[in-house]
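**Student:** Quick note on the UniProt record's numbering: the sequence shown kicks off at 1 and runs consecutively. Idealized CB from N, CA, C, for every residue including glycine. Values in this document were obtained by computation on a predicted structure and should not be read as measured data.
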Amino acid sequence: MFNFLYNTPIQQHKKTIKLINIFFYKLEKYSDKELKQQTSKIKSYVQNNKFKVDDIIPEALATIKEAIKREIGIVLFDVQLLGAIILHEKNIAEMKTGEGKTLVAMLPAYLNALINKSVHIVTVNDYLAERDALLAKRIFNYIGITVGLITQYTKYSDRKQEYLSDITYVTNSELGFDYLRDNMCIHKNEIVQRGFDYAIIDEVDSILIDEARTPLIISGKSEISNSLYKKAKKITDLLISQKHYKIDEKSKNIILTEKGILFCESNLNIKNLYNINSPWIKYILNALKAKELFIKNKDYILKNNKITIVDEFTGRVMEGRRWSDGLHQAIEAKENIKIESENKTLASITYQNLFLLYKKLCGMTGTAKTEENEFLKIYRLRVIEIPTNKVCIRKNLPDLVYKLEYNKWQAIAKECFDMYQIGRPTLIGTTSIEKSELLAKILDTLSVPYNLLNAKPENIIREAEIITQAGKKYSITISTNMAGRGTDIILGGNPNKIAQITITTYIKNKLSILNKNKRINKSYSDITQSILNKIDINFFKLNINIKNIEKEIDSIINSNYDRKNIEKEKISIIYEQLVKKYKISCDQEKKEILSLGGLYVIGTERHESRRIDNQLRGRCARQGDKGTSRFFLSLQDNLFRIFGGNTIESLMKKLNINDNIPIESIILSKSLNSAQRKVESYFYDIRKKLFEYDEVINNQREAIYTERKKILESTFTRDCIIEYGEYTIYEMLKIYEKENNIKKQQVLEQILQLLNISKHFKKDRLISMKLNEMKKFLYEQFRISYDLKESYLEELRPGLVRQMEKYYLLQQIDKGWQEHIEKMSLLKEYIGWRSYGQQDPIVEYKNEAFNLFINMVTYIRQTVTYLIMRSRLIINT
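#1: Consult DSSP for F632 and reduce its assignment to one of helix, strand or coil.
#2: Can you tell which of N189, Y142, L128, I145 has the C-alpha that lies nearest to the C-alpha of D158?
#3: Can you have a look at G429 and say buried or exposed, based on whether 16 or more other CB atoms are within 10 angstroms of its CB?
#4: With which residues is A347 paired in a DSSP beta bridge?
#5: Can you look up G471 in the DSSP assignment and give me helix, strand or coil?
#6: Using beta-carbon positions only, say whether G603 and A621 come within less than 8 Å of one another.
#7: If you draw a straight line from the alpha carbon of S173 to that of G326, how long is it in whole angstroms?
#8: Where does V391 land, buried or exposed, given buried means 16+ other C-beta within 10 angstroms?
#9: Taking DSSP's pairing of strands, which residues face C199 in a bridge?
#10: Just to confirm the assignment, what range does the alpha helix (DSSP H) spanning N21 have?
#11: Report all residues from its chain with a CB closer than 7 Å to the CB of Y229; omit the five preceding and five following residues, and keep chain order.
#12: Would you say the region 533-553 touches the region 487-495, given that touching needs at least three Cβ pairs under 8 Å?
#13: Out of T504, G493, Q11, state which residue places its alpha-carbon closest to the alpha-carbon of K591.
#14: For I868 and Y730, I'd like the C-alpha separation in whole angstroms.
#15: From M318 to A129, what distance separates their C-alpha atoms?
#16: Which whole runs of the alpha helix (DSSP H) in the region 647-733 are 4 residues long or more, in chain order?
#17: Would you list the residues sitting across from I584 in a DSSP beta bridge?
#18: Less than 8 Å between the beta carbons of A67 and I191, yes or no?
#19: Run the CB neighbour count on H607, radius 10 Å, all protein chains shown included, and call it buried at 16 or more, exposed below.
#20: Quick check: the Cα distance between K303 and E434, rounded to an integer number of angstroms?
#21: Determine which residues share a DSSP beta bridge with K296 and list them.
#22: So the candidates are I860, T863, Y859, S825; which of them puts its Cα closest to the Cα of A849?
#23: For the beta strand (DSSP E) that C226 lies in, which residues bound it at each end?
#24: According to DSSP, is L285 part of a helix, a strand, or is it coil?
#25: For the beta strand (DSSP E) that contains Y169, what are its first and last residues?
#26: With 16 as the cutoff for other CB atoms within 10 Å, does E739 come out buried or exposed?
#27: Under a three-way DSSP split, which group does D54 fall into?
#28: So, at 8 Å on beta carbons, what are the nonlocal neighbours of I150 in its own chain, with the 5 sequence-adjacent residues on each side left out?
#29: Could you say which of R783, K101, V747 lies nearest to D719 if we only look at CA atoms?
#30: Counting pairs of Cβ atoms below 8 Å between the region 72-82 and the region 45-58, do you hit three or more?
#31: On the DSSP bridge assignment, give the partners of D248 in chain order.
#32: Going along the chain, which residues of its own chain have a beta-carbon closer than 6 Å to the beta-carbon of F417, five neighbours each way excluded?
#33: With distance defined between alpha-carbon atoms, name the residue in K689, A136, F853 nearest to P841.
#34: Beta-carbon separation of S436 and T477 under 8 Å?
#35: Just the C-alpha distance for K583 and Q577, rounded to the nearest angstrom, thanks.
#36: Check each candidate in T863, N509, G366 and name the one with the smallest Cα separation from L616.
Rendered as structure tokens:
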């Protein structure tokens with residue numbers, strides 16, 4: 001039974017898994033009521049200090065295993081229990097596609113929720129968060145655990161309650177933005193998060209590796225003239241590549257040549273393009289990046305006359321996200337659309353430092369081993385491979401390399417044609433929208449039907465349907481790399497999804513007739529038609545908006561809906577009948593597909609990271625199914641062109657092989673792997689550098705946010721004001737000590753003005769004091785002045801002085817911090833030049849950052865003291 005538990009980290013959990021299963025067999029006999037009582041029973045063990053958390057693992061995991069079985073009829077495999085234990089122990093569990101990671105996450109989540117800590121299950125997008133939370137609500141309902149959900153559509157007013165749930169499903173970006181917003185609140189009741197105790201990150205490589213190069217930023221508008229972007233675009237349209245500028249594709253950077261610099265200076269009528277007081281260099285370089293490095297239908301799409309970013313790793317559109325530092329505006333100028341205002345950073349954090357806030361962190365993915373060093377060094381997370389429940393029998397065929405890209409696409413199209421002829425389902429992963437549409441056009445000429453899944457809105461809305469159909473016979477699916485990630489491709493089709501789509505399409509069809517719209521052409525078998533005819537269309541016409549049909553059907557089928565609603569009960573029964581019917585045909589079709597070799601995955605280009613290639617390969621051969629993967633490449637592919645060097649091309653020339661004939665070569669494969677390792681190392685260095693720089697500001701961020709939180713939660717902020725005032729006096733006396741007699745007088749006047757002490761005060765007596773005596777005297781005078789001001793304001797309006805203190809403190813901390821972020825951003829941009837003076841940029845950055853931080857803190861304290869002491873209250877009568 002435990003033959004798969006063979007390597008050291010796994011071997012030790014044999015006994016625990018055995019105990020879980022013993023408890024599970026006992027719980028099978030429990031009634032639903034008794035099962036629900038398990039939660040309070042196990043909680044009491046921990047609360048009464050009878051057991052530690054690790055002691056309750058067997059009973060807790062057995063309880064959730066039984067809840068899963070009762071709700072969805074699935075009995076978890078031992079490898080899934082193993083995955084859950086690995087996650088609980090703060091590791092990354094590498095589990096292959098189709099091994100049931102969604103269910104695995106629920107086990108350690110339940111275990112850690114039992115000790116009343118905040119538990120977050122973090123997903124890469126709204127679709128997965130909603131899907132997983134919906135399933136979790138059904139299962140956890142059996143054992144009395146509440147489940148929350150946070151997506152970009154969750155109202156701000158609802159977020160606090162969602163975070164208060166025992167387990168909260170949240171997207172990585174919303175988690176980060178909520179953290180930043182919480183630290184910008186002006187009242188403690190506005191804080192929505194309740195702490196960072198335990199997080200399980202789904203697709204952990206995507207979040208902690210792929211997205212770690214880009215920090216999360218909350219921005220405000222800053223007014224900059226659009227004419228600068230337009231003028232920069234006009235000039236760069238005249239610049240010629242190689243003559244006026246050089247493109248560094250590796251680092252996605254542009255370098256102006258001497259001719260380019262002179263050309264720009266001449267057109268702009270300026271003497272020095274790089275003058276610190278000239279704004280032009282930033283706009284010129286951004287316009288060139290927009291022109292050469294950011295490609296339409298690859299890096300972004302035009303949607304509703306706006307630039308919408310396409311995620312380079314998932315192929316998904318990133319609604320509401322914008323490139324920073326004026327790059328987004330440069331691309332808007334390139335596309336001749338309205339240029340939005342440039343953003344000013346109000347708060348920011350990197351994903352590295354966001355997730356390091358957790359006391360316990362873990363993650364799961366199908367592909368993490370290639371990045372295990374990075375996970376260990378930055379996040380202190382070990383990667384542990386979990387064996388598959390059934391042996392993976394996928395065939396990874398050798399890469400086929402063509403000299404020209406044209407020949408490669410012709411070969412891929414021919415392969416698709418051959419697969420279609422025999423009925424073998426095929427998934428083709430492409431690197432951009434443009435490439436996916438190119439292949440689609442070639443298949444059109446060959447009369448091969450296909451489904452296209454890329455970031456374009458018309459294709460995204462059909463994502464679930466396309467993925468559902470991708471495992472059926474004669475199915476050819478073209479997808480941008482990893483679109484649809486998180487959804488299994490099931491051979492023969494998914495009967496549950498097919499039944500759901502059938503009901504939704506039928507109702508939409510009928511409603512379009514009733515609304516006198518164009519009818520959706522759809523035919524059904526006699527049995528299916530007779531089942532669907534039982535649906536009362538008038539119920540949907542009267543009660544449900546046609547736009548919400550998908551969500552409504554999903555809710556009826558997958559939620560614990562009100563059983564008293566007859567029509568919804570009927571839909572559920574119809575769904576079960578259709579599932580039963582489709583399961584027979586899907587199972588039969590699966591057998592036929594397996595006889596053909598299973599799902600065939602074709603890669604059209606090697607990615608910069610081996611991990612992304614492995615993700616694509618992992619789409620086939622799930623749960624012991626057969627499957628095949630193969631990459632079709634050309635020497636004109638980006639990886640060969642940018643990182644492969646001249647070795648491969650010279651080898652092809654020496655071999656003198658016909659353009660139509662591909663090469664399978666060990667040397668080529670080694671060169672490719674070497675190129676990918678170089679790229680992985682290059683991007684790791686970028687992420688490491690970003691982390692090192694952000695670590696500096698992160699320490700400052702923590703200090704500022706801690707101070708802010710202390711003020712927010714305090715009911716008596718007077719002590720803070722006194723502390724700020726005394727610190728300000730101390731700093732000014734340090735200046736006083738160093739100055740000559742004339743300037744001493746000026747400093748003293750500034751101190752007296754700050755403390756709101758009368759001009760008639762005799763300064764001579766003060767000057768005659770020793771510095772320590774003077775400090776004590778001024779501290780005392782400050783307290784007396786503040787007591788008088790407080791008494792005066794309290795008489796006018798009780799409680800006002802505390803409100804005013806809190807307002808000034810938070811206002812000036814936020815203002816000072818935002819200005820500090822801007823200065824730090826500029827510092828980071830120019831600090832690199834110090835390496836030419838044999839200075840370490842990171843050491844210099846730390847020193848400069850420290851000085852800037854001290855200056856900011858001093859400025860905040862002085863300004864708050866000045867505003868409080870000089871404030872006046874005007875009461876309208």
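**Tutor:** A quick look at the data gives this:
#1: strand
#2: For the residues N189, Y142, L128, I145, the minimum Cα distance to D158 belongs to N189.
#3: buried
#4: Beta-bridge pairing links A347 to I218.
#5: coil
#6: no
#7: 21 Å
#8: exposed
#9: Note on residue identity: the sequence assigns Ala, not Cys, to residue 199. Answer is H120, L361, bridged to A199.
#10: 14-27
#11: Closer than 7 Å at the Cβ level, and outside the excluded window around Y229, lie Y283, Q329, A330, A333, I339.
#12: no
#13: Of the listed residues, the one whose Cα sits closest to K591 is G493.
#14: 18 Å
#15: If I take the Cα positions, the gap works out to 16 Å.
#16: 647-655, 666-713
#17: DSSP output for I584 lists no bridge partner at all.
#18: no
#19: buried
#20: 15 Å
#21: Y300
#22: S825
#23: It is worth fixing the name first, because residue 226 is Asn in this sequence and not Cys. Annotation for N226: no beta strand (DSSP E) segment contains it, and DSSP assigns it neither H nor E.
#24: helix
#25: 167-171
#26: exposed
#27: helix
#28: A129, R159, E162, Y163, T168, Y169, V170, T171, E174, L175, D178
#29: R783
#30: no
#31: N253
#32: The beta carbon of F417 is closer than 6 Å to those of L446, V448 in its chain, skipping five residues each way along the sequence.
#33: K689
#34: no
#35: 10 Å
#36: G366
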